[in-house]
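Residues in the sequence shown are numbered from 10 upward in steps of one, following my numbering. All C-beta atoms in this analysis are idealised placements derived from N, C-alpha and C, irrespective of residue type, glycine included. Have a look at the structure below before the remarks.
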Amino acid sequence: MQHTEIRLEKMYTSISIITKKITYSLMDHVFCFIGDGVTENTKAFEKAIMEISKLWKKGGGQLNVPPGDWLTAPFNLTSHMTLFLAEGATILGIQNEELWPLTPPLPSYGVGREHAGPRYGSLIHGQHLKDVVCHGGRSTNKSFSATRGDYLCRYLWSNDIHISNITLHSCDNVVTEDCYISVGDHDIAIKSGWDQYGISYGRPSTNILIRNLVVRSTVSAGVSIGSEMSGGVSNVTVENVVVWSSRRAMRIKTAAGRGGYIQNITYQNITLDDVRAGFVVKINYNQHPDAGYDPKAYPVLSNIRFINIHGQGVGRVIGSIFPAPCENLDLHDEQGNLIKRSAQNVTNIDYEY
Numbered sequence: 010m011q012h013t014e015i016r017l018e019k020m021y022t023s024i025s026i027i028t029k030k031i032t033y034s035l036m037d038h039v040f041c042f043i044g045d046g047v048t049e050n051t052k053a054f055e056k057a058i059m060e061i062s063k064l065w066k067k068g069g070g071q072l073n074v075p076p077g078d079w080l081t082a083p084f085n086l087t088s089h090m091t092l093f094l095a096e097g098a099t100i101l102g103i104q105n106e107e108l109w110p111l112t113p114p115l116p117s118y119g120v121g122r123e124h125a126g127p128r129y130g131s132l133i134h135g136q137h138l139k140d141v142v143c144h145g146g147r148s149t150n151k152s153f154s155a156t157r158g159d160y161l162c163r164y165l166w167s168n169d170i171h172i173s174n175i176t177l178h179s180c181d182n183v184v185t186e187d188c189y190i191s192v193g194d195h196d197i198a199i200k201s202g203w204d205q206y207g208i209s210y211g212r213p214s215t216n217i218l219i220r221n222l223v224v225r226s227t228v229s230a231g232v233s234i235g236s237e238m239s240g241g242v243s244n245v246t247v248e249n250v251v252v253w254s255s256r257r258a259m260r261i262k263t264a265a266g267r268g269g270y271i272q273n274i275t276y277q278n279i280t281l282d283d284v285r286a287g288f289v290v291k292i293n294y295n296q297h298p299d300a301g302y303d304p305k306a307y308p309v310l311s312n313i314r315f316i317n318i319h320g321q322g323v324g325r326v327i328g329s330i331f332p333a334p335c336e337n338l339d340l341h342d343e344q345g346n347l348i349k350r351s352a353q354n355v356t357n358i359d360y361e362y
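Dropping the structure here:
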């Protein structure tokens, strides 16, 4: 099986991360880590993170990953934790599928997304977390033919997260910055539930900042919202992002039956280089969990802004949006001044790709 590699590289000096006072290292003899790319370190990761979980009254702790190839099965993070990868450090997902846990469908999804049953979890996982930072170094995920998923990092029902290379489900107060990401699927995806299950669960993804990235997606998009967005997505800013040699740059996906909303989305200072479709709003992503969805549950799209967009080698397709209104697709100049406010249901739409 082939590794899908995702590199995290600091590109800007503006990153602000609070270092935890209490730190552990993979080199601490008590944890017995071996970074040779062959020895499995799962138990060592779990032991170190368990120790950090005991420090929440003291503000948490930091786990430092030194240079080396650290092979591991999936593991869970804990709240009030920093995971720091030094330059030359790589976390490798083990290729033995029996060591990758199967996770049940999310309650906001009702059933599995790609198939009815469970799916493999992510390499680095967390749910109901608060105050988590992951930065530096790089990580390498694994791939399976059994499912399209298998995320590098996946965070559910969490807030105050500062991390990269993620799928966000119903999270708030999240910052992703200063990264280079190149993957086959979405570089970053924001979701909040699927049709009637997401509407009933009712937990949105909100207050998300994505900035200072260089991204490449050969199959999907650099930054995607949806299509499972039935709990709502709001207050998202994507800024200072370069998208190169990609199928799409920024993508919003939804469909009749989703309900929910996508609102207060700002794309600012975006550079596109050799991108097949720059900004895509696809409104007929007609995949549903079962026949119980309401086809008249239209999602509402509003207050979507594009500011200071540059590109070369960018294609586009023009289309119209379905009956629910898509409001305030505004055009700004490079100084951020509003020069045209959209008054009709037309924007750049990619129906075919």
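#### Entry: DSSP three-state assignment for Arg147, whether helix, strand or coil
The residue you call residue 147 lines up with position 138 of the sequence shown. Legend: pLDDT at Arg147 = 49, less than 50; position of this residue unreliable, no value from coordinates given.
### Query
Starting from Glu106 and walking both ways along the alpha helix (DSSP H), at which residues does that stretch end?
Walking along the sequence shown from the start, residue 106 turns up at place 97. Careful: Glu106 lies outside any alpha helix (DSSP H) and carries neither H nor E.
### Query
Which one of Val120, Asn85, Asp204 has the shortest CA to CA distance from His137?
For the purposes of this step, residue 137 is taken as the residue at position 128 of the sequence shown. Nearest in C-alpha terms to His137, of all of Val120, Asn85, Asp204, is Asn85.
### Query
Measuring CB to CB, does Gly287 end up less than 8 angstroms from Gly320?
Translated into the one-based positions of the sequence shown, residue 287 becomes position 278. Translated into the one-based positions of the sequence shown, residue 320 becomes position 311. Against a cut-off of 8 angstroms, the Cβ pair of Gly320 and Gly287 comes out as a contact.
### Task
Please report how far the alpha carbon of Ile69 lies from the alpha carbon of Glu237, in whole angstroms.
For this step, residue 69 is matched to residue 60 along the sequence shown. For this step, residue 237 is matched to residue 228 along the sequence shown. Residue identity check: residue 69 is Gly in the sequence provided, not Ile. Roughly 33 angstroms separates the two Cα atoms.
### 7 angstroms CB neighbourhood of Ser239 in its chain, flanking five on each side removed
Working through the sequence shown from its first residue, we reach residue 239 at position 230. Answer for Ser239: Ser201, Gly202, Trp203, Asp204, Gly207, Ile208, Arg267, Gly268, Gly269, listed in chain order.
### Task
Could you check if Lys63 is buried or exposed, using at least 16 other CB atoms within 10 Å of its CB as the buried criterion?
Position 54 of the sequence shown, counted from the first residue, corresponds to residue 63. So Lys63 ends up on the exposed side.
### Message
Under 8 angstroms, with one C-beta from each stretch per pair, do the segment 269-283 and the segment 296-314 reach the 3-pair mark?
### Response
yes
### Message
Given this structure, state the Cα-to-Cα distance separating Val184 from Asn216, to the nearest angstrom.
### Response
Taking the first residue of the sequence shown as 1, we reach residue 184 at position 175. Taking the first residue of the sequence shown as 1, we reach residue 216 at position 207. For Val184 and Asn216, the distance between alpha carbons rounds to 9 angstroms.
### Message
Starting from Glu248, trace the beta strand (DSSP E) in both directions and tell me its first and last residue.
### Response
Stepping through the sequence shown from its first residue, residue 248 is reached at position 239. Counting along the chain, the beta strand (DSSP E) containing Glu248 begins and ends at 242-262.
### Message
Tell me the rounded alpha-carbon separation between Ala57 and Met90.
### Response
Residue numbering aside, residue 57 sits at position 48 when the sequence shown is read from its first letter. Residue numbering aside, residue 90 sits at position 81 when the sequence shown is read from its first letter. Taking the straight line joining both Cα atoms gives about 11 angstroms.
### Message
Can you give me the C-alpha to C-alpha distance between Gln104 and Pro83, rounded to a whole angstrom?
### Response
Locating residue 104 in the sequence shown gives position 95, counting from the first residue. Locating residue 83 in the sequence shown gives position 74, counting from the first residue. Distance between the alpha carbons of Gln104 and Pro83 is about 11 angstroms.
### Query
Among the residues of its own chain, which have a CB less than 6 angstroms from the CB of Ser154, if the five just before and after it don't count?
On the sequence shown, position 145 is the one that residue 154 refers to. Model confidence at Ser154 stands at a pLDDT of 26, short of 50, so the residue's coordinates are unreliable and nothing is read from them.
### Neighbour-count burial assignment, Pro76, 16 or more Cβ in a 10 Å radius
The count along the sequence shown starts at 1 and reaches residue 76 at position 67. Sixteen is the threshold: since fewer than 16 other Cβ atoms of the shown chains lie within 10 Å of the Cβ of Pro76, the residue is exposed.
### Task
Taking Val228 as the reference, give the member of Tyr210, Gly241, Ser254 with the closest Cα.
Translated into the one-based positions of the sequence shown, residue 228 becomes position 219. The residue with the shortest Cα to Cα distance from Val228 is Ser254.
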